[in-house]
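Numbering (this note's numbering), first residue to last: 1 to 251.
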């Protein structure tokens, strides 16, 4: 036993394999990096890290047991997450269709700009953002060239997706807490070590996706139909994630 952790090598192997499974978090980070670059990709990744940290803390605090013993609460969480993921998926499909129509009409709209706007359709714009957008547009009109379309906050959206990610919820509720010995005197230390192991894998994996996404971006900018097709595929996957979460169980 290592600092109250039972079967640590089993946990390491299981965590590594689970991190590699495709999910909403990894797809969102990849698409953000491909559309908006490395910096914004890491902002999205930071949202994933923060969301996973919250889930790990809640699991360590006993919320996992609460979800298991309260089916109504678990149903509320899973159906809310399913609706949110489906909303994102429909937004991506709608944006891909618009990009294809623009390509057929011969417009000068950039497919990457379309895709970037699509990935943010699920985010509600508040009054402050609207005011900033209006000011930016006014400044652009005064200076001559048009300013790029405003985009949302990838950290905030990735954080929400992470909290509602079916893979993460089931991992932390059903897998994470099993490796801590309840008789150990400092269980907080055990949970911290388990959390660090997961985050190291997550940072490594998402960094690979971010730099891979920036390489794909060059091809997307030159191939509008390819970009629209891949956006449609990602949107369909988000619909699938929503359906998977809606049918998830803790047993």
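Ideal Cβ positions, reconstructed from N, Cα and C, are used throughout, including at glycine.
- For residue 178, no alpha helix (DSSP H) encloses it, and the DSSP letter there is neither H nor E.
- By the C-beta density criterion, residue 178 is exposed, having fewer than 16 other C-beta atoms within 10 angstroms.
- Leaving aside the five residues that flank residue 46 on each side, the residues in its chain whose CB is nearer than 6 Å to its CB run, in chain order, 155.
- Nearest in C-alpha terms to residue 60, of all of 97, 191, 26 and 4, is 191.
- Between residue 4 and residue 184, the beta carbon gap of about 3 Å places them in contact (Cβ cut-off 8 Å).
- When secondary structure is reduced to three states using DSSP, residue 22 falls in the coil class, being assigned neither helix nor strand.
- Around the beta-carbon of residue 171, 16 or more other beta-carbon atoms lie within 10 Å, marking it buried.
- In the structure shown, residue 32 falls within a helical segment according to DSSP collapsed to helix, strand and coil.
- The DSSP-derived three-state label of residue 163 is helix.
- The beta carbon of residue 161 is closer than 7 Å to those of 24, 25 and 28 in its chain, skipping five residues each way along the sequence.
- The Cβ neighbour count for residue 76, taken over all protein chains shown within 10 Å, is under 16; the residue is labelled exposed.
- Taking a C-beta distance under 8 Å as the contact criterion, residue 201 and residue 16 qualify as a contact pair.
- The C-beta distance from residue 239 to residue 89 rounds to 4 Å, short enough to meet the 8 Å contact threshold.
- The closest CA to that of residue 53, considering only 97, 187, 195 and 176, is found on 195.
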